[in-house]
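K.L.:
Sending over a structure as structure tokens; questions will come in a sec.
2 protein chains.
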Amino acid sequence: MNRLRLLSLLLVLSLGGCASLDMGKLRGTGDLGLVIERADGAVQILETTGNSLLGEVPGLGDLSHASVVYSRDERYAYVFGRDGGLSKVDLLTRRLVKRVMQSGNSIGGAISQDGRWIAVSNYTPGGVRIFDAETLELKADIPARWGDEGRLSKVIGLVDAPAERFVFSLWDAGEIWVADVRDIDHPQIRKFRNIGRNPYDALITPDGRYYIAGLFGEDGMALLDLWNLDAGVRRILPDYGKGEKKLPVYKMPHLEGWAIAGHYAYVPAVGRHEVLVIDTLDWSLAGRIPVHGQPVFVMARPDGRQVWVNFAVPDNDTVQVIDTRSRNIVKTLKPGKGVLHMEFEPRGEQVWISVRDRSRVQVYDTERMELLKEMPVKLPSGIFFTDRAHRIGL
Amino acid sequence: MNRLRLLSLLLVLSLGGCASLDMGKLRGTGDLGLVIERADGAVQILETTGNSLLGEVPGLGDLSHASVVYSRDERYAYVFGRDGGLSKVDLLTRRLVKRVMQSGNSIGGAISQDGRWIAVSNYTPGGVRIFDAETLELKADIPARWGDEGRLSKVIGLVDAPAERFVFSLWDAGEIWVADVRDIDHPQIRKFRNIGRNPYDALITPDGRYYIAGLFGEDGMALLDLWNLDAGVRRILPDYGKGEKKLPVYKMPHLEGWAIAGHYAYVPAVGRHEVLVIDTLDWSLAGRIPVHGQPVFVMARPDGRQVWVNFAVPDNDTVQVIDTRSRNIVKTLKPGKGVLHMEFEPRGEQVWISVRDRSRVQVYDTERMELLKEMPVKLPSGIFFTDRAHRIGL
């Protein structure tokens with residue numbers, strides 16, 4: 014009976030070992046992603062080969078304004094919550110691996126080029142904190158002190174850039190900082206002052222060269238060429254902003270939504286029913302495309318042939334598709350109230366759209382611009398696919 | 014004893030179930046890749062987070078001229094061998110899943126935008142065959158018949174393009190064909206004739222818009238705008254080719270090695286010790302950069318800031334790095350004889366180089382342009398990382 018008991022024990026242990034894999038059987042991770050369920054503080058894991066939902070991971074806190082980056086192996090998602098929580102989610106086992114409350118109020122984050130560091134930009138206390146991607150241990154703290162009194166500024170527009178750098182903007186200070194984290198114990202900070210009043214969000218071009226901050230306090234944008242820091246910050250796009258009329262702005266556009274197709278950027282106008290076309294060769298305005306409402310996200314299909322646009326209330330039931338060759342609107346879709354986000358599959362054949370008020374995510378064929386599938390997700394907002402791991406500035 | 018035997022059996026079965034995972038424990042696949050071991054008909058699986066070799070998969074036939082594409086989930090590699098073999102390799106279990114001899118002599122392949130179809134271009138019999146990515150079952154056969162006698166042409170320069178298309182060139186016929194495989198049972202072929210003599214290789218721009226074939230039989234290149242097929246094929250870059258002097262060409266450059274940085278393309282000159290700079294806005298020659306030998310691969314770091322170049326014999330012990338802002342050579346490296354291929358990590362912080370004659374792969378930090386690590390691989394040639402799954406035209 015001893016042998017029987019031993020064998021029984023071994024059997025239980027070995028089956029247990031296998032069972033631990035049941036939530037995450039052996040599979041590739043290149044076609045995974047997640048949707049933020051904002052009301053529940055949860056994420057829904059998904060896959061884009063069969064277009065299906067794989068399961069929910071709860072316990073991520075306040076996700077009313079959440080963003081996500083991925084580990085370089087595309088296994089782990091780092092979720093930045095509004096409440097300052099930083100959560101590491103295993104897409105394979107569908108478990109919350111670790112969660113740290115890293116500040117009182119956070120707005121977003123980034124992962125370093127080599128995948129070793131997770132940076133979070135904070136409102137309170139204002140600054141950037143950098144964590145080990147493996148352990149979420151705090152590695153560096155960069156308080157955003159500015160001015161004679163050394164007050165702390167809210168930090169926004171945090172992105173990764175090549176050569177192991179993070180770039181971010183200081184809302185209160187009107188500054189852009191470039192942090193070199195090659196030596197994580199001694200981050201080297203280069204500060205650019207007087208870049209304009211109240212930068213509210215920023216983007217980096219897909220090649221990681223140009224960092225551009227939108228200004229809430231004035232028109233125009235602040236551009237920094239990361240290939241030539243000595244040239245300093247210059248003002249571009251004098252037409253970009255709320256303008257003289259000071260139109261009511263229902264939702265400030267997300268600048269991460271800038272779409273670059275060929276050498277033109279497609280940009281949400283602030284407060285106007287327009288998408289602006291910018292020539293990135295000289296950063297001049299190359300055109301204005303009238304659209305259905307105030308654009309929020311303006312996103313290029315990965316091949317740059319189409320640009321998809323969603324809108325602020327009261328027009329957030331609509332998505333429009335612009336053909337970038339003709340600059341015409343070629344399709345107007347009505348997914349339903351509360352279209353909050355869109356994410357293209359890596360090579361662009363399909364796009365996922367979250368429709369909050371209907372608690373649905375939808376998948377469209379981008380060539381035919383037709384609905385392929387609809388799935389139930391509780392009050393979905395941001396959608397993030399793992400291919401972001403391989404992109405600069407995402 | 015019956016229970017004992019039953020338990021023993023269960024134990025063996027369950028351990029066996031787990032053991033089948035030992036070669037591939039649960040892990041992400043975004044940081045995986047492989048190196049071709051050309052002499053052994055094997056591939057060496059690798060990972061780029063810790064920079065290590067994971068194990069060899071043999072039995073892939075003649076890999077003297079091999080290329081690789083990846084499944085959209087980044088789990089499976091499809092290896093196209095010179096002998097017409099198409100092999101599907103599981104990177105997680107490190108096993109050869111399936112292998113079909115699909116022709117007598119093959120040159121390369123592509124995977125459709127949606128990941129469902131694997132296309133192979135063949136010399137003998139000349140044409141393209143399309144296989145189910147899941148099962149490797151033959152789904153479509155496109156013989157490259159041309160001219161009045163309906164002879165078969167060798168096919169080269171096969172790439173995937175958006176909207177579920179494959180594009181390829183006919184060496185003997187001087188034609189470019191665009192195959193729409195939305196309906197795999199009835200591929201729709203559009204043929205462009207008289208595009209120039211003997212197209213020997215081709216490339217597609219990273220946005221999937223321009224297909225460009227090099228011509229062995231004359232100077233210049235044939236360009237097809239896939240956004241505007243009705244405009245037909247036009248001749249560009251009259252200086253591109255062997256030229257009047259008919260220099261000896263030790264190795265025809267690989268056109269997949271074209272580097273596009275900003276709106277400039279960096280291109281290996283044929284037979285000359287030069288890298289050409291092409292302005293992609295009008296496809297004119299914008300500059301010539303003298304280099305160490307006859308360039309073979311001219312590859313842009315993913316951010317476009319650097320271009321790395323290797324060379325044909327007798328200069329194949331050298332790699333040079335061009336800074337794209339100044340167009341100067343900023344580094345000359347001597348990895349050793351037989352530098353055959355280079356592959357950048359997805360966000361560009363490191364590059365892997367195969368040094369055949371030393372049976373080594375090397376990893377360099379691209380910012381410092383310094384050797385980080387060297388690993389033994391038997392006569393390595395092509396290096397391919399899984400992030401190719403997410404790119405158009407790779």
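Going line by line, the protein sequences match chains A and B. Take any residue in the first sequence, note its place counting from 1, add 13, and you have its number in my numbering. Take any residue in the second sequence, note its place counting from 1, add 13, and you have its number in my numbering. Positions of the beta carbon are idealized from the N, C-alpha and C atoms, including for glycine.
Phe93/B and Val133/B - do their beta-carbons sit closer together than 7 Å?
P.N.:
Yes. Within cutoff.
K.L.:
Under the three-state reduction of DSSP, which class applies to His305/B: helix, strand or coil?
P.N.:
Correct three-state label for His305/B: coil.
K.L.:
For Ile189/A, does the count of other Cβ atoms within 10 angstroms reach 16, so buried, or fall short, so exposed?
P.N.:
So Ile189/A ends up on the buried side.
K.L.:
What is the DSSP secondary structure of Leu268/B, counted as helix, strand or coil?
P.N.:
In the structure shown, Leu268/B sits in a helix (DSSP, three-state: H, G or I).
K.L.:
Quick check on His354/B: does DSSP put it in helix, strand or coil?
P.N.:
Looking at His354/B - three-state DSSP - the assignment turns out to be strand.
K.L.:
Would you check if there are 3 or more beta carbon pairs closer than 8 Å linking the region 46-66 of chain A to the region 393-405 of chain A?
P.N.:
Touching, per the Cβ criterion.
K.L.:
Assign Leu76/A to one of three DSSP states: helix, strand, or coil.
P.N.:
The answer is coil: DSSP assigns Leu76/A none of H, G, I, E or B.
K.L.:
Go to Asn211/B, then tell me how far its beta strand (DSSP E) extends in each direction, as first and last residue.
P.N.:
Here Asn211/B belongs to no beta strand (DSSP E), and DSSP marks it neither H nor E.
K.L.:
Ends of the beta strand (DSSP E) at Ala132/B?
P.N.:
130-137 is the span of the beta strand (DSSP E), which, as asked, contains Ala132/B.
K.L.:
Using a Cβ-Cβ distance cut-off of 7 Å, determine whether Pro359/A contacts chain B.
P.N.:
Interface residue, yes.
K.L.:
Does Thr137/B have its Cβ less than 7 Å from a Cβ in chain A?
P.N.:
No, Thr137/B does not count as interfacial toward chain A.
K.L.:
Which residue from Tyr89/B, Val180/B, Ser119/B puts its Cα closest to that of Arg108/B?
P.N.:
For Arg108/B, the nearest C-alpha among the options comes from Tyr89/B.
K.L.:
Is the Cβ of Pro219/A closer than 7 Å to any Cβ of chain B?
P.N.:
No, its Cβ sits nowhere closer than 7 Å to a Cβ of chain B.
K.L.:
Determine the DSSP secondary structure at Thr62/B, reduced to helix, strand or coil.
P.N.:
Looking at Thr62/B - three-state DSSP - the assignment turns out to be coil, as it is neither helix nor strand.
K.L.:
What residues of chain A sit near Trp240/B, judged by a beta carbon separation below 7 Å?
P.N.:
Neighbours of Trp240/B on chain A, chain order: Arg318, Arg338.
K.L.:
Three or more beta-carbon pairs under 8 Å between the region 319-330 of chain B and the region 339-354 of chain B, yes or no?
P.N.:
Flag = yes, the region 319-330 of chain B and the region 339-354 of chain B touch.
K.L.:
Give the DSSP-derived three-state secondary structure of Asp35/A in the structure shown.
P.N.:
Unreliable placement is indicated for Asp35/A, whose pLDDT of 45 sits below 50; no coordinate value is reported for it.
K.L.:
So, are the CB atoms of Thr62/A and Asp86/B less than 7 Å apart?
P.N.:
Their beta carbons are under 7 Å apart, which means Thr62/A touches Asp86/B by this criterion.
K.L.:
So Ala176/A contacts chain B; which residues on that side make the cut at Cβ distance below 7 Å?
P.N.:
Glu380, listed in chain order.
K.L.:
Against Glu87/A, what residues of chain B qualify as contacts under a CB-to-CB distance less than 8 Å, listed in chain order?
P.N.:
Ordered by position in chain B, the residues that pass the 8 Å Cβ test against Glu87/A are Gly41, Thr42, Gly43, Asp44, Glu87.
K.L.:
For Pro359/A and His267/B, which I take to be in contact (beta-carbon distance under 8 Å), what is that distance rounded to the nearest angstrom?
P.N.:
So it is not a contact: roughly 24 Å between Cβ atoms.
K.L.:
Check the C-beta distance from Asp185/A over to Lys167/A and give it rounded, since I have them as a contact under 8 Å.
P.N.:
Yes, Asp185/A and Lys167/A are in contact; Cβ-Cβ is about 6 Å, under 8 Å.
K.L.:
Run the CB neighbour count on Gly163/B, radius 10 Å, all protein chains shown included, and call it buried at 16 or more, exposed below.
P.N.:
By the 10 Å Cβ count, Gly163/B comes out exposed.
K.L.:
In whole angstroms, what separates the C-alpha of Asp193/B from that of Ile155/B?
P.N.:
C-alpha separation (whole angstroms): 12 Å.
K.L.:
Whole angstroms is fine: what's the gap from Tyr223/B's alpha carbon to Phe357/A's?
P.N.:
Between Tyr223/B and Phe357/A, the C-alpha separation is close to 21 Å.
K.L.:
Is the beta carbon of Leu289/B closer than 7 Å to that of Val280/B?
P.N.:
Yes. Within cutoff.
K.L.:
When Cβ atoms are compared, which residues of the region 128-159 of chain B fall closer than 8 Å to chain A?
P.N.:
Hits within the stretch, in order: Gly128.
K.L.:
Answer yes or no: does any C-beta atom of chain B fall closer than 7 Å to that of Leu9/A?
P.N.:
The first residue shown for chain A is 14 and the last is 407, placing residue 9/A beyond what the model contains.
K.L.:
With distances taken between CB atoms, is the gap from Ile405/B to Gly275/B smaller than 7 Å?
P.N.:
Not a contact, by the Cβ cut-off of 7 Å.
K.L.:
I need the DSSP call for Thr345/B, collapsed to helix, strand or coil.
P.N.:
DSSP places Thr345/B in strand when its eight states are reduced to three.
K.L.:
For Met114/B, which residues from the same chain have a beta carbon less than 7 Å from its beta carbon, with the 5 sequence-adjacent residues on both sides left out?
P.N.:
Excluding residues within five positions, the ones whose Cβ falls inside 7 Å are Gly97, Gly98.
K.L.:
Below 7 Å between beta carbons is the criterion; list the residues of the region 347-358 of chain B that meet it against any residue of chain A, in chain order.
P.N.:
Answer in chain order: no residues at all.
K.L.:
Is any beta-carbon of chain B found at less than 7 Å from that of Ala32/A?
P.N.:
With a pLDDT of only 37 at Ala32/A, under 50, the local geometry of the prediction cannot be trusted, and the value read off the model is given with reservation. For Ala32/A, the answer is no, since every Cβ of chain B falls outside 7 Å of its Cβ.
K.L.:
What in chain A is Cβ-close to Gln126/B, meaning under 8 Å?
P.N.:
Those are Arg360, Gly361, Glu362, listed as they occur along chain A.
K.L.:
At 7 Å on the CB atoms, spell out the chain B contacts of Asp400/A, in chain order.
P.N.:
Within chain B, the residues near Asp400/A are His403.
K.L.:
Tell me whether Leu45/B sits in a helix, a strand or coil according to DSSP, three-state version.
P.N.:
Of the three classes helix, strand and coil, the one that applies to Leu45/B here is strand, per DSSP.
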